[in-house]
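Protein chains in written order, with my numbering: chain S, 883 to 1219; chain G, 883 to 1219; chain Y, 883 to 1219; chain F, 883 to 1219. Heads up: the structure comes next, in C-alpha cells.
4 protein chains.
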Amino acid sequence: MIIVMKTSATPEDIQTVINKVEKMGVKSHLSEGKEKTIIGLVGNVVSISESQVQNFEGVEKVLRVSKPFKLASREFKPEKTEVKVNGVSFGQKKIILIAGPCAVESREQILETAIRVKEAGASILRGGAFKPRTSPYSFQGLKEKGLEFLAEAKEKSGLSIITEVMSPEQVPLVGEVADILQIGARNMQNYALLEAAGKSPKPVLLKRGMMATLEELLMAAEYILSNGNSKVILCERGIRTFEKYTRNTLDMSAVPLLTKLSHLPVCLDPSHAAGVRDLVLPLSKAAVAAGVDGLIIEVHPNPEKALSDGAQSLNFDEFSTLVDKLKPVAEAVDRKV
Amino acid sequence: MIIVMKTSATPEDIQTVINKVEKMGVKSHLSEGKEKTIIGLVGNVVSISESQVQNFEGVEKVLRVSKPFKLASREFKPEKTEVKVNGVSFGQKKIILIAGPCAVESREQILETAIRVKEAGASILRGGAFKPRTSPYSFQGLKEKGLEFLAEAKEKSGLSIITEVMSPEQVPLVGEVADILQIGARNMQNYALLEAAGKSPKPVLLKRGMMATLEELLMAAEYILSNGNSKVILCERGIRTFEKYTRNTLDMSAVPLLTKLSHLPVCLDPSHAAGVRDLVLPLSKAAVAAGVDGLIIEVHPNPEKALSDGAQSLNFDEFSTLVDKLKPVAEAVDRKV
Amino acid sequence: MIIVMKTSATPEDIQTVINKVEKMGVKSHLSEGKEKTIIGLVGNVVSISESQVQNFEGVEKVLRVSKPFKLASREFKPEKTEVKVNGVSFGQKKIILIAGPCAVESREQILETAIRVKEAGASILRGGAFKPRTSPYSFQGLKEKGLEFLAEAKEKSGLSIITEVMSPEQVPLVGEVADILQIGARNMQNYALLEAAGKSPKPVLLKRGMMATLEELLMAAEYILSNGNSKVILCERGIRTFEKYTRNTLDMSAVPLLTKLSHLPVCLDPSHAAGVRDLVLPLSKAAVAAGVDGLIIEVHPNPEKALSDGAQSLNFDEFSTLVDKLKPVAEAVDRKV
Amino acid sequence: MIIVMKTSATPEDIQTVINKVEKMGVKSHLSEGKEKTIIGLVGNVVSISESQVQNFEGVEKVLRVSKPFKLASREFKPEKTEVKVNGVSFGQKKIILIAGPCAVESREQILETAIRVKEAGASILRGGAFKPRTSPYSFQGLKEKGLEFLAEAKEKSGLSIITEVMSPEQVPLVGEVADILQIGARNMQNYALLEAAGKSPKPVLLKRGMMATLEELLMAAEYILSNGNSKVILCERGIRTFEKYTRNTLDMSAVPLLTKLSHLPVCLDPSHAAGVRDLVLPLSKAAVAAGVDGLIIEVHPNPEKALSDGAQSLNFDEFSTLVDKLKPVAEAVDRKV
C-alpha cells in the first residue's frame, strides 16, 4: 500500500500517519520527494482498509499495490487447486459438466433428468430445492421434498448433487444431500452464509454476484477459505449491464483472469448469463476454448413446461448435442469433456 | 400481461396457451389481428412469471403491462404510509434525520454521538453492531457488545435506534434493541432475511442493492409486506456504475419515482452514495428539494479515527451546520427538518 | 505519476525506465524500499499516458496522482469562470434557464415557444435544427430551415439561441445563428468536432456522454479549451445504467463534483435524464439545491404532438409553474432564478 | 408495435390515436378487452418512434414487437452477407485475421509489421493514421504521413489496409489508401460520419460503441446501409461496465446474437476489450469457438515502445503463436484460420 501525502502535509502529519499505520502492525518506509512525500507500507497490508488510511490528516491518496485477497491468490498457492467430489475432479484436464433443471419440480422430472444427463456425459446433477426468486409470488422450490428427490436421483444415477443453500441454518440440512453447496449470485455477499459454508466440510460453488467485481468474488471466496474450507469453485454467470438482448452480460474474460489471479477452479454458467437457449451452445464452446474447468447447463425434460427459467433450458437431445459439439473444441485446447 | 404470438403459431398453439394461463388462475381475452394474434391476461397476473409464459410453444413475446408488485404499490394503497417509530413519523411533513457512525466502536463514541446528534436535530441514532465487510480481515463490528452500547445510548439520549441485521437468526436479538431493523444493500435480495424481517413487529428500513432496479427494490419490499409487516421504509443509497469519482452513483430520480410508484416512505443515504464528505451537504439539500421523507447521515466524533467509512463521515459541527442549511431548503418545498 | 516497479525488476530495468521518462520531459525521483522500488514523476506529467509507461520492462503498476486535465481544472484557474452570452452570465448568482423544444418543427412552434418561455423567465431558447437520431428513419430536424426559424425567434423575442452542431463543417453555419453551440452527448468524444468548436468564437455547451466519466467530460472540455475557446459550459444529462424506469440515470453528484474539480459553469438537463415529464420538476428543484448554474428544460407548445421527446416535454403552463417553484429553492441556497 | 391504452382512456382518445398513427402511414387493428384496449400497428412501423406515440393522450404503454432495424436484419436478407476485400472474404468459412499496431508510428514500424503479420497468416493490415485520444495532449497519429506509410506497406506486402476515419471530410482522403474504412467506438453514433461512409464505395468496419446496445449498433449499421453502402462489417470490442480488471467487458454473446439478428459479418477485437496482452489469446480462442468471422489483433514490433496501447499489443512471435493456436479451435467448429 502506498500513501501519497498532500503537498501541504506537515512533518507532524507525516509522523502521525507513520505512527498510526505501524500501530496497525505493518512496516512503513518513507520517500521524501521534492513535490510529494510518499509512505510505502510493507507487511500484512491485507488487514488495512484504504478508506481508513485515506482519512488521516494530510493524506492525499491511498493506493493498494498488492491484492486484497490472500488465501485465494496464486501468490499464496501457485499450483492449481483440485476440488474432488466423489470420483470427479475440478481443476484437472477433464472439464466437468454439471447439468439439470433450474428447480426440482417433481420426483419424475429429476429422476429422468439424472439418468438422461448422465448418459449424455454429465458428472454432476444440479437442481434447486430452495429457490431465490425476485417475486414472493413466484414458485419458491419444493424445499425439503426437493432435497429428498435429489437424494433419490443421486442414488439411482450415481451422479453427485449440487444444490443451492440460501441461509446459514440451511447449511447442515442441504449438506446432508448435496455433494457441493451452491451459493447463488444474490447471496455472494451474504457474509453469514459464506461463514457457515466456510465451516462446512462440503465443497462450495460460489457464483459471482451480478453486481460484483472479480476482486469482490475473490474476497467472498476468501471468507469461505479463511473459515477453514479450502474446497471452493468459482463460477462466472454474467453481470448486469445496460445491454437488453441478454439476461446478463457474460464476462468471458473472467475465465482467464480468475485462472491467473487464483488457484481455484473456475466454472461458467452460460444458461443464466444468456437467458436464451440459442446462446448456450456457442457460449459453452467459447468457455471451453477460453479454459474453463466446468460448465453448468440447465437441462429440463420439457423446457416448455418448466416452472422457472424454461427459456434458457435445453432438452435432453439438445444437451446431448451440446456435449458432442464441445468434445472437438476441448481437444483443440488440450482438454477433454 | 400481453402475449404476442408468433406469426407461425397455429390455432392449437394459441388454444394451448389460453388453456395453460387460465389454469394458472387468470382470465384471457383474445385479439386476432391480420398479422399477429395477441392474448391479453386479466386478473391476478402478479403470480405469473414472464419467463414461464415466454416458454410456451408459439409465443413470440410476453409483455407485462401491470406492475409485478402489489402490496407496495400506490394502486393498492393510494394514501402515503406513515411509519411511526416511538414519537417519530416517517412519511409526514417533517423530514426525519437519522445520524450516527457507520459502526459502533466504543461506549464513549456512541454515547457522545447520540447526545450530540440529538442536540443538532436528529431523531434517530444509527450505528452498526454487525457490519458486512467486503474483506474477512476488516473490522466486523462489536456485535452483541455493540447492541448493548446502542441500548445504553438510547436510554441516555431518548433517541430511537436503527441498526443492521445480517441474517434471519439475528432478527430477534437485534430486535430487542433496535427500533428499526436495517437491511443493507448487499442483503436486499437475501430472501430468508426479508422473510424473517417480514415476521418481525419492528419497522424495517430496506436499502436498495447497489445493482438493483427500483422494481427489484419494490419486490424486495413486497417480500416483507407479504409476510405481514407493513412498516417498511425504502432507502436509496446509490447504485454501481462506471463513474469512479464517487463510491456509488446516487440515483436522485429514485426519490420522486418511488414516491409515485409506492405509498411507502422514502429515505436517502447521501454518505454511502458519495463516499466523500464534501458531497454530503449538496446531495442532502438536493434530496430534500426532491421530496425525501428522511435522510441517513454518517456522523462520527472524530472521522479521522473512524474504523470504517471515515472519509464520508461528518463531525458534530459539520452535522449541525448541515441541519441548519437544510432548514430553508425544506421550507422552500413546504416541508420541515 | 508514480511508477511501482516489480519486485523482480533489475537495476537496469529501473535505470531504463528513468531514462525513458526523463526523455519525455519530466523529472523523476527514486525511492528504493526494501520490497518495492518506486519512481515518482514531477513536471508536465499531463502529456504522459499511463498505458505507455505501464508497458516498460519491470513496471508493476502506474498510478496517476495528479489530474489528467489542466486548463479545465480549479488548480489552473481557482476562480469560477463566467461565460457571458449577450446580457446573460453563466456562473454567477442567477441560475440561467434554457428552455424550448427538442426540435424546431415549424416557424409558429418556435416563435410561440420563444415568447412564452421568455415570459415565464427563460433567458435562452433551445431548439434542435440538426437532430442526432438513433434511427435513420426518424425525423432528423428541419436543418437550415430550422436555423432560419431560430434566427427569427431570436429577433422577435430577444432571447439568445442555443442549438446543436453535429459535425465540424456545420460549425460556421450554425455559429451564424447560435449564441451558444451545443455539443450533444453522442458527440462528446467526436474530437474533430471538439477541435472545430475550440476554434469558434462562440461559447460551447458540452453535454456529458451517456457513458462518459466526469474525467472524460473534463478531458473533452480540455480539447475545446486547448484549441483556444475558453467559453465552455459543462452539462450533466444522465448516464446509462441498468435502471429502466428512467431514460438515463441523472448523476446529481456531478453538480458539486464538477464545481469542485473545475472552474467552468455547470448546467443540468433534467428532461433528457428522466425521459418523463413528472420527474422534471423534482429533479430541477434538486439540481438548484445542489448548486447548478443553469438548467435546460424541454418545453413544447403541445407536447402530445411533438415529433421527438414529447414524453419529457413540459407545456407552457407547466414550465411557468416550474419557474415559480424553483424560486424559493434558489433563495434557500442563496441563488436566484 | 402495440399500443396499450389507459383504463381511463375515452373512446375519443382511442379514435384520435388511431387517426394519428394511420396518418403516419401504418394500419391499425383494435382489440377491446374488458380491462384494456390495445391497438396493434401493422406496416412500415420502423419509421414510427415509440416516444412519439407514448405521448398521445390516453396511452399507457407502447411496445415494439418488431425490430427497429430493417436493412441490417436477417428477416430482410436471410443469407449471410459476404464482404469482399480484394481477394479476401468476410462471412465465409475462413476467419479473417486483421493485425497491426494501434497507431502507425514510422515507416519502418509499419513495413516490418506488414511483412511479419502476413507471414504469420494475417490477411489485412491495421494501423491508425488518425487517432482518437481521450487527452488532447496524447499522440494523435501521423495523419497524412501515416496514410502514405500504409500505402507503401500495402504495396510491399500485398495486404489490404484498414484504418480509422474520424470525420466526414476525411472519408475521401482515407478512402484513397484504405481498403476498409474503420469507424471507431467513440464515433459509432457520429451520424454525419455514418452517412459519409454510407456514400463511400469502400467496405466499412463499424465498431460497437462502448456504451451502445446491440440494437443501437445495428441501427448505426442501418445508417450506412440506407445511404447505399451494403458492405458493412460489425465489430464487438467490449462495453463499459463496473469491472476494473479489464479495460472493457468483452460481450461474447454479441457474436452469436449479431449473427442471428443480422446477415452482416461479425468481427471481434480482443485487444481493446481486454487491455492486457495475456487475455488476447484465450479471448481469441473463445471468439473463434463462438463463431466469429474475423479478429482484429494489435501487433507491434516492440510493444514496450508503442506510443499507444502497448500493454495490449502482441509482438510478432506472440502473434504467430496465436495463429497456430487458433487453427485447431477453428477446425473444431468447422472453420479455418
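Backbone N, C-alpha and C define an ideal beta-carbon position, used for all residues, glycine too. Note that the structure is predicted; figures quoted are calculated from it, not measured.
Which residues of chain F have a Cβ atom closer than 8 Å to the Cβ of residue i, listed in chain order?
| i | result |
| --- | --- |
| Ile885/G | Those within 8 Å of Ile885/G in chain F number zero; the least Cβ separation is about 11 Å. |
| Leu1088/S | Under the 8 Å cutoff, chain F gives no residues; its nearest Cβ is about 17 Å from Leu1088/S. |
| Glu1098/Y | Thr1016 |
Have a look at the DSSP bridge pairing and note the partners of residue i.
| i | result |
| --- | --- |
| Ile1065/Y | Leu1088/Y |
| Gly982/S | Glu1180/S |
| Thr1045/G | Leu1063/G |
| Ser955/S | Ser1144/S |
| His1154/S | According to DSSP, His1154/S bridges with nothing at all. |
| Glu1051/Y | Glu1051/Y is not bridged to any residue. |
| Glu1114/Y | It is worth fixing the name first, because residue 1114/Y is Val in this sequence and not Glu. DSSP output for Val1114/Y lists Val1086/Y as bridge partner(s). |
| Ser971/F | Lys966/F |
| Val944/G | Ile885/G |
| Thr1131/S | Ile1121/S |
| Lys976/G | Lys1218/G |
| Leu1196/G | Val1181/G |
Along the beta strand (DSSP E) that carries residue i, what are the first and last residues, could you check?
| i | result |
| --- | --- |
| Phe1124/S | Phe1124/S -> no beta strand (DSSP E), and no H or E assigned at all. |
| Thr889/G | Note, Thr889/G: premise wrong, no beta strand (DSSP E); not H, not E. |
| Glu914/Y | 908 to 914 |
| Ile1006/G | 1006 to 1008 |
| Ile921/G | 919 to 925 |
Residue i and residue j look like a contact to me (Cβ under 8 Å); what is the Cβ gap, rounded to whole Å?
| i | j | result |
| --- | --- | --- |
| Asn1111/G | Gly1066/G | So it is not a contact: roughly 17 Å between Cβ atoms. |
| Gly925/F | Ser913/F | In fact, because the Cβ distance is near 17 Å, the residues do not count as touching under 8 Å. |
| Val1114/Y | Leu1139/Y | With a Cβ gap of about 16 Å, Val1114/Y and Leu1139/Y do not count as contacting. |
| Ile980/S | Arg1008/S | 5 Å |
| Glu1046/Y | Phe1012/Y | 6 Å |
In chain Y, which residues lie with their C-beta within 9 Å of the C-beta of residue i?
| i | result |
| --- | --- |
| Ser876/F | Absent from the structure is residue 876/F, since the part of chain F shown begins at 883 and ends at 1219. |
Specify, as a first and last residue, the run of the alpha helix (DSSP H) that residue i falls within.
| i | result |
| --- | --- |
| Ala1136/F | 1136 to 1143 |
| Phe1031/F | 1026 to 1039 |
| Leu1107/S | 1096 to 1108 |
| Lys1000/S | 989 to 1002 |
| Asn901/G | 893 to 905 |
| Pro1164/F | 1162 to 1172 |
| Ala1074/G | 1073 to 1080 |
| Gln934/F | 932 to 936 |
Mind pulling the chain Y residues with CB within less than 8 Å of residue i?
| i | result |
| --- | --- |
| Ile921/S | Per Cβ cutoff of 8 Å: no residues; Ile921/S is ~10 Å from chain Y at best. |
| Lys952/S | Neighbours of Lys952/S on chain Y: none; closest Cβ ~16 Å, over 8 Å. |
Using a beta-carbon distance below 8 Å, is residue i in contact with chain A?
| i | result |
| --- | --- |
| Pro893/F | Note that chain A does not occur in the displayed structure, where the protein chains are S, G, Y and F. |
Going along chain F, which residues have a C-beta under 9 Å from residue i?
| i | result |
| --- | --- |
| Glu1104/Y | Ser1017, Pro1018, Tyr1019 |
Strictly below 7 Å CB to CB, what residues from chain Y border residue i?
| i | result |
| --- | --- |
| Asn1130/F | Within 7 Å Cβ-Cβ: nothing; Asn1130/F doesn't reach chain Y, min ~11 Å. |
So which residues of chain G does residue i contact, with C-beta pairs closer than 9 Å?
| i | result |
| --- | --- |
| Val928/S | Ser1017, Tyr1019 |
Residues of chain G with CB closer than 8 Å to the CB of residue i, please, in chain order.
| i | result |
| --- | --- |
| Pro1014/S | Gln1071, Tyr1073 |
Which bits of chain S does residue i rub up against, with CB to CB less than 8 Å?
| i | result |
| --- | --- |
| Met1101/G | Thr1016, Ser1017, Pro1018 |
**Message:** Any C-beta of chain Y within less than 7 Å: which residues of the stretch 1108 to 1127 of chain F qualify?
**Reply:** Of all residues in the stretch 1108 to 1127 of chain F, Ser1108, Arg1122 have a Cβ within less than 7 Å of some Cβ in chain Y.
**Asked** According to a CB-to-CB cut-off of less than 9 Å, which residues of the stretch 1170 to 1199 of chain G neighbour chain S?
**Response** Within the stretch 1170 to 1199 of chain G, the qualifying residues are Pro1185, Glu1186, Lys1187, Ala1188, Leu1189, Ser1190, Asp1191, Gly1192, Ala1193, Gln1194, Ser1195.
**Prompt:** What residues from the stretch 930 to 961 of chain G come within 8 Å of chain F, judged by C-beta to C-beta, listed N to C?
**Reply:** Per Cβ criterion, the list reads Glu942, Lys943, Leu945, Val947.
**Message:** Please identify, using Cβ separations under 9 Å, the residues of the stretch 1140 to 1174 of chain G that lie next to chain S, in order along the chain.
**Reply:** For the stretch 1140 to 1174 of chain G, the set of positions with a beta-carbon nearer than 9 Å to some beta-carbon of chain S reads Gly1157 in chain order.
**Prompt:** Along the stretch 1040 to 1057 of chain G, what residues have a CB closer than 8 Å to any CB found in chain Y?
**Reply:** Residues of the stretch 1040 to 1057 of chain G with a C-beta atom less than 8 Å from some C-beta of chain Y do not occur.
**Asked** Along the stretch 1062 to 1076 of chain S, what residues have a CB closer than 7 Å to any CB found in chain G?
**Response** Result list: Arg1068, Asn1069, Gln1071, Asn1072, Tyr1073, Ala1074.
**Request:** Give the residues from the stretch 1208 to 1219 of chain Y that approach chain G closer than 8 Å (Cβ to any Cβ), ordered along the chain.
**Result:** Flagged, chain order: Pro1210, Val1211, Glu1213, Ala1214, Val1215.
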